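The next block holds one structure in the form of structure tokens; read it before the comments.
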Amino acid sequence: MPQQLPGFYYDAQKNRYFPIKGPIPGSSRASSSSTAQELAPKATRVVLCIRDLRPRGGSKKPCIGEATNLCRRTGVRASNLLQVRELYGNIIPSIKGKCNFKEEFQKIQISQPVVWKFSETDKIADGALEQMHVDVQTPEGQIETDVLLTGGLNGSLSFVEVGKVKPDFDFGVKCMPDRVWPSNKNDRADCGTIPGPICRPARASLSVSSNVSCIKLFEKQPSAIEDGSSIRDALISTLGSETSPGSLCIVKLVEPLDLNSIVPGISQRIHEVASFNCTIWTADCSFNGSRAAIGTNLGAALVDLETGVASWVFRGKSDVFAQQFVESGNALLCGLRNGVIVTVDVREKQEGNSVRLISHRIQCSPSSKTVGSSTQKFFKVLGNIDSSCTIKMPSSISCLVSLQYDDHYFLASSMDGSVKLYDHRLIRRGAVQSYEGHVNSHTRLQLAVDASEKFFMSGGEDCNLRLWSIKSGELLFENKFSNTVPSAVCWRRAERLVGVQDERQSYKEYPYQQGHGLEAWLGSREGLFYMNWS
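According to this note's numbering, the sequence shown is numbered sequentially starting from 326.
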């Protein structure tokens with residue numbers, strides 16, 4: 326007699342096994358199917374309890390211990406849960422349909438952050454910030470540590486040491502942490518280890534000509550990585566003002582940082598690539614690090630980082646507020662003030678002006694919202710674009726983020742609070758996912774996607790920070806712990822696996838099971854905030 330396999334039944338006539346997907350029509354239920362049906366309601370209760378553990382709005386952070394006692398609360402024995410997983414795999418049936426047990430548990434963890442505010446950090450990171458793992462020179466020798474590169478709307482640019490070599494810095498400001506979420510100071514349970522102080526070395530700051538509008542990091546090619554550090558350089562753009570032009574600069578990070586040096590560390594590393602008599606709202610760097618793109622009030626241009634020569638690839642009367650290279654480097658997403666997103670083909674080399682750019686008339690959303698209004702407005706742009714594949718959002722574009730693991734997808738936010746996920750292959754069908762709850766009316770707020778590309782976060786004009794699931798669109802966390810808008814956000818960069826050529830395999834999987842490895846930094850006018858998950 327054929328051996329019984331959990332989750333399968335044997336058909337003697339066809340002499341093969343078939344997966345059990347419910348009662349077999351015209352026959353009695355097999356024993357394994359019967360067991361699965363009996364356990365399904367219990368598994369459902371487990372999933373519902375998991376969802377109930379997720380905090381809503383301003384509710385108190387639930388105890389992690391509750392999640393570990395799920396079996397006790399639901400009356401489901403661990404052996405039964407294992408049996409359900411044997412029968413159903415990772416897909417667990419619930420009242421709302423089938424769901425992924427692992428994904429649901431990860432959502433619980435991401436919805437329970439602990440947030441710390443650091444003293445003496447006001448006005449240094451409200452423009453932009455990026456976290457990096459670099460080599461630092463200390464009296465004991467060279468060591469690897471984590472550093473933040475922060476830019477303020479007051480024109481400040483600073484290195485902040487946030488790793489584990491803080492005692493070696495003799496000159497600088499020591500910034501102490503204070504827990505701001507969960508807000509109950511008496512509740513110390515499940516808040517993990519208190520982070521140590523961070524250090525602002527005295528010689529690691531300078532003032533640039535105008536507001537820092539963008540910071541982006543260059544990464545080494547996978548074949549060039551010989552140590553744990555994947556960062557090569559940092560790209561800095563300044564907004565420009567009436568008295569100074571907008572500029573594009575590079576901060577060299579290949580050589581070890583000496584943050585204790587008598588010579589100002591950052592001024593020796595910063596190099597101005599080019600300056601422009603226009604407002605530079607945003608910038609991005611190509612994957613190979615040979616060129617950068619800038620978004621200005623005149624359009625978009627590519628800049629050769631060796632020569633500083635700029636070539637315009639897109640011209641229009643609407644400012645380019647947001648930019649993002651598609652991972653292949655062949656296309657550039659441009660988000661405009663009037664709410665339109667265009668994809669520019671940047672493979673064709675331009676001659677430095679817009680004479681040869683192709684002219685297009687693009688329809689933008691009607692300004693009148695009167696019912697029955699048929700007024701259509703068009704605007705003229707120059708560039709190598711497909712005008713039929715443009716996207717129109719309700720308000721000015723605030724941020725664009727292209728996903729790295731699958732560059733067909735990108736996130737876009739606009740200044741009416743809309744946040745949407747788009748697929749390049751399905752542009753004409755509209756967004757494939759929408760995210761509710763974001764609050765914005767006129768501010769350029771960053772979106773930050775974690776390294777696993779499962780979650781993203783953004784600050785709102787109501788001073789709340791929000792976290793969403795990219796796949797499901799669920800709002801997982803929404804709370805206020807700052808009195809000013811957290812406009813700059815970034816996740817801790819995942820570690821590269823040395824010698825791995827495939828980009829999809831080059832990052833270590835975040836160990837959600839243990840709850841370690843997830844970290845994020847937020848910048849507001851009020852100061853620097855650190856998020857971790859205990």
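Don't be surprised by glycine CBs; every beta carbon is placed ideally from N, CA and C.
Just so you know, these numbers come straight off a predicted model, no measurement behind them.
{"Check": "Residue 720 (DSSP reduced to helix, strand or coil)", "Outcome": "coil"}
{"Check": "Residue 657 classed as buried or exposed, judged by whether at least 16 other C-beta atoms fall within 10 angstroms", "Outcome": "buried"}
{"Check": "DSSP three-state assignment for residue 777, whether helix, strand or coil", "Outcome": "coil"}
{"Check": "Residue of 746, 742, 730, 846 minimising C-alpha distance to residue 736", "Outcome": "746"}
{"Check": "Span separating the alpha-carbon of residue 553 from that of residue 544", "Outcome": "For residue 553, the predicted structure reports a pLDDT of 49, less than 50, and the residue's modelled location is therefore unreliable. The matter cannot be settled from this model."}
{"Check": "Strand pairing of residue 458, partner residues [DSSP]", "Outcome": "471"}
{"Check": "Residue burial classification, residue 344 (beta-carbon count within 10 angstroms, cutoff 16)", "Outcome": "exposed"}
{"Check": "Simplified DSSP assignment, three categories, for residue 817", "Outcome": "coil"}
{"Check": "Which residues DSSP lists as bridging residue 526, in chain order", "Outcome": "497"}
{"Check": "Length of the line joining the Cα atoms of residue 632 and residue 615", "Outcome": "10 angstroms"}
{"Check": "Which residues DSSP lists as bridging residue 541, in chain order", "Outcome": "560"}
{"Check": "Cross-strand partners of residue 742 (DSSP beta bridge)", "Outcome": "Residue 742 is not bridged to any residue."}
{"Check": "Residues near residue 351 in its chain [Cβ-Cβ closer than 8 angstroms; skip 5 each side]", "Outcome": "In this prediction, residue 351 scores a pLDDT of 40, lower than 50, which makes its location untrustworthy; no coordinate-derived value is stated."}
{"Check": "Cβ pair residue 849, residue 451 closer than 9 angstroms", "Outcome": "yes"}
{"Check": "Nearest residue (CA-CA) to residue 576, options 541, 567, 601", "Outcome": "541"}
{"Check": "Residue burial classification, residue 467 (beta-carbon count within 10 angstroms, cutoff 16)", "Outcome": "exposed"}
{"Check": "DSSP bridge partner residues for residue 805 (one or two, in chain order)", "Outcome": "789"}
{"Check": "Helix, strand or coil at residue 597 [DSSP, three-state]", "Outcome": "strand"}
{"Check": "Residue 435 (DSSP reduced to helix, strand or coil)", "Outcome": "helix"}
{"Check": "Chain-order list of residues whose beta-carbon lies under 6 angstroms from that of residue 476 (same chain, five-residue window excluded)", "Outcome": "452, 453, 482, 537, 540"}
{"Check": "Classification of residue 703 by the beta-carbon crowding that lies within 10 angstroms, buried from 16 upward", "Outcome": "exposed"}
{"Check": "Check whether residue 768 and residue 788 have beta carbons under 9 angstroms apart", "Outcome": "no"}
{"Check": "DSSP three-state assignment for residue 662, whether helix, strand or coil", "Outcome": "coil"}
{"Check": "Buried or exposed (CB count within 10 angstroms, at least 16 for buried), residue 592", "Outcome": "exposed"}
{"Check": "Contact set for residue 641: own chain, Cβ-Cβ below 6 angstroms, skip 5 residues either direction", "Outcome": "624, 706"}
{"Check": "Sub-9 angstroms separation of residue 519 and residue 852 beta-carbons", "Outcome": "no"}
{"Check": "Simplified DSSP assignment, three categories, for residue 424", "Outcome": "strand"}
{"Check": "Own chain partners of residue 620 with C-beta closer than 6 angstroms, once the 5 adjacent residues on each side are dropped", "Outcome": "606, 607, 645, 648"}
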